[in-house]
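Encoded as structure tokens, the structure appears first; notes follow it.
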Amino acid sequence: MVLDNKLLEDVFNNFLEGPKIFKNRDAIRPDYIPQYLPHREEQIIRIGHILAPVLRGFRGSNLFIYGKTGTGKTAVVKHVLEHLLHKSREVNSPIFISYVNCRISGTNYRILADLGADLGIKIPFTGLATNEVYSRFKTSLDLQKILMIVVLDEIDTLVKDHGDSILYELTRINELLKHSRLSIVGISNDIMFKEFLDPRVLSSLSEEEVIFRPYMAPEIRDILLDRTKITFYDDVLSEGALNICSALAASEHGDARRALSLLRVAGELVEREGSAKILEVHIRQAQKKIEHDRVTMILRTLTPHSRLVLCGMFLIKKAKISTSITGDVYEVYTELCGEIGFEPLTQRRVSSLISELDIMGVFNARLVSLGRYGRTKKIRLSLTNSTIIAAYSEDPWLKNLLKFKPKCLLSKMMNKNAAKTR
DNA sequence: CGTCCACAGGAATGACGGGCGG
DNA sequence: CCGCCCGTCATTCCTGTGGACG
718 MVLDNKLLED VFNNFLEGPK IFKNRDAIRP DYIPQYLPHR EEQIIRIGHI
768 LAPVLRGFRG SNLFIYGKTG TGKTAVVKHV LEHLLHKSRE VNSPIFISYV
818 NCRISGTNYR ILADLGADLG IKIPFTGLAT NEVYSRFKTS LDLQKILMIV
868 VLDEIDTLVK DHGDSILYEL TRINELLKHS RLSIVGISND IMFKEFLDPR
918 VLSSLSEEEV IFRPYMAPEI RDILLDRTKI TFYDDVLSEG ALNICSALAA
968 SEHGDARRAL SLLRVAGELV EREGSAKILE VHIRQAQKKI EHDRVTMILR
1018 TLTPHSRLVL CGMFLIKKAK ISTSITGDVY EVYTELCGEI GFEPLTQRRV
1068 SSLISELDIM GVFNARLVSL GRYGRTKKIR LSLTNSTIIA AYSEDPWLKN
1118 LLKFKPKCLL SKMMNKNAAK TR
């Protein structure tokens, strides 16, 4: 149809004729589990020891793993379990492994539904009581006469949002089973998370504990070196880029995942640019691109009211008012609502929205006490004005509101000036 | 030293749409 | 198609609180 599209033809040809960068793209994706996990031998062996009893038909100890993001927790667990499953086939042990990411599944209901689905029972996406799902899961588990290992990844997010009731049920389930056994592997990013748990749950969940320390810069370097051998063709990655990449990731909580995504994005940049080598500049560009993509992604998924709150902060910043408190933001927000005929939310709700924006890194909110003048949050916008304008250039309402001049800000500026001259 | 500001943030409650069993 | 239960968003009501002011 469009066979004569010269421009597109050029794009493809340039790509095909350009230098070869990637040998294996999948190997640098975040969900890739490599064959070797450098600097995690100790943890691999420990977890192996802890889970080994299932090969002889005993229930493995419940295991609790914690460490910050990008320290290899998930990769190590999946790696060990894969080998365990393989071994269990050899010795004919009825092992069944189920992996659930609690942040993605989100609620008690969905986690149970996912576990049930793995066992082959059909559970509606919604519609049943959570207890009903639990008892269906339990019945099915007992019928199948298996040793089930449940991996609950990012378990801390679940407990913070929905409490530990499901953990309590799952740690007690063995008492109710006749023919099957269940053990739990909990993975948490948050080290202080234990404090949220009921002591009974904590004691049975952490029969064993394994800690993953952050990687040091040289360790990250090793990991990257290992992975680039699979990912890139020889000589694609420069020494300088490798070093800066490890250093950047190490300064950011020793996060190997971060280092790998820097490399991936840098590789893609180089490929598009048609050059043959990843240099330091590319890593820096990649860092900017990742941050930029993250922010625009967040801004585009905000709800209309959150956008209005953000817009309010934008206008405050534009009016050269450095510090604003919850009340000020709410005032501007309500005026903006009036301008486009929205029914404003309550201050309570807006306060929550501000907290959410703070957690996402869009705002920087700090609790302060102004003594006589109350206790509130001092809020600053963490983004540049141009980022916001760029992200909302397609939103016709926001686009105009970003140019709006709220009355309540005018009077504030006057007061400020009056105070200055005095 | 007590007061009292301007909120924070928890708890209870309700409205609403989705989706299933019966 | 009804009734039930879910998760989500929002409101209402509430108690709690650090510290400047008097």
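Each residue of the first sequence is one higher than the last, beginning at 718 in the working numbering.
A virtual CB, placed ideally from N, CA and C, is assigned to each residue, including glycine.
What whole-angstrom Cβ distance do Cys-819 and Ile-872 have, given they're in contact under 8 Å? 5 Å
Val-902 and Leu-869: beta carbons closer than 9 Å? yes
In the DSSP assignment, find the unbroken alpha helix (DSSP H) run with Ile-937 in it and report its ends. 934-948
Measure the C-alpha to C-alpha separation of Ala-830 and Lys-862 and round it to an integer number of angstroms. 19 Å
Go through its chain and collect everything with a Cβ distance to Lys-970's Cβ below 8 Å, but skip five positions before and after it. What sits at residue 970 in the sequence shown is His, not Lys. Excluding residues within five positions, the ones whose Cβ falls inside 8 Å are Lys-785, Thr-786, Gly-787 and Pro-931.
Selection from Ile-1000, Leu-1087 and Ala-934 that minimises the alpha carbon distance to Ser-955: Ile-1000
Minimum length 4: unbroken alpha helix (DSSP H) runs contained in the segment 961-1032: 973-990 and 997-1017
The alpha helix (DSSP H) that contains Leu-869, what's its start and end? Per DSSP, Leu-869 belongs to no alpha helix (DSSP H); it is in the beta strand (DSSP E), 864-870.
If you reduce the DSSP assignment to three classes, tell me which class Leu-1062 lands in. coil
Cβ separation of Ile-1033 and Leu-922, assumed to be a contact under 8 Å, to the nearest whole Å: Contact doesn't hold; Cβ gap of about 46 Å is too wide.
For Phe-929 and Ile-866, the rounded distance between their alpha carbons: 21 Å
Cutting at 8 Å between CB atoms, please list the residues of its own chain near Val-817, excluding the five before and the five after it. Ile-828, Asp-831, Leu-832, Val-867, Val-868, Leu-869 and Asp-870
Using the rule of at least 16 other Cβ atoms within 10 Å of the residue's Cβ for burial, across every protein chain shown, is Ser-1041 buried or exposed? buried
Does Thr-1138 pass the burial test, meaning 16 or more other C-beta atoms within 10 Å, or should it be called exposed? Confidence at Thr-1138 is low in this model, with a pLDDT of 38, below 50, so its placement is unreliable and the value that follows should be read with caution. By the 10 Å Cβ count, Thr-1138 comes out exposed.
Tell me the rounded alpha-carbon separation between Gly-835 and Ser-815. Here the sequence assigns Asp to residue 835, which means Gly is not the residue at that position. Straight-line Cα distance between these residues: approximately 7 Å.
For Val-808, the residue or residues it bridges with in DSSP: None, per the DSSP bridge assignment.
Okay, do the segment 1004-1017 and the segment 1096-1105 touch, 3+ Cβ pairs below 8 Å being the bar? yes
Determine the DSSP secondary structure at Ala-1136, reduced to helix, strand or coil. Note on Ala-1136: pLDDT 44, under 50, position unreliable in the model; the coordinate value appears next. Residue state, collapsed to three classes: helix.
Among Lys-1035, Arg-989, Ile-812 and Ile-1096, which residue has its Cα nearest to the Cα of Phe-729? Arg-989
For Gly-1044 and Tyr-950, I'd like the C-alpha separation in whole angstroms. 57 Å
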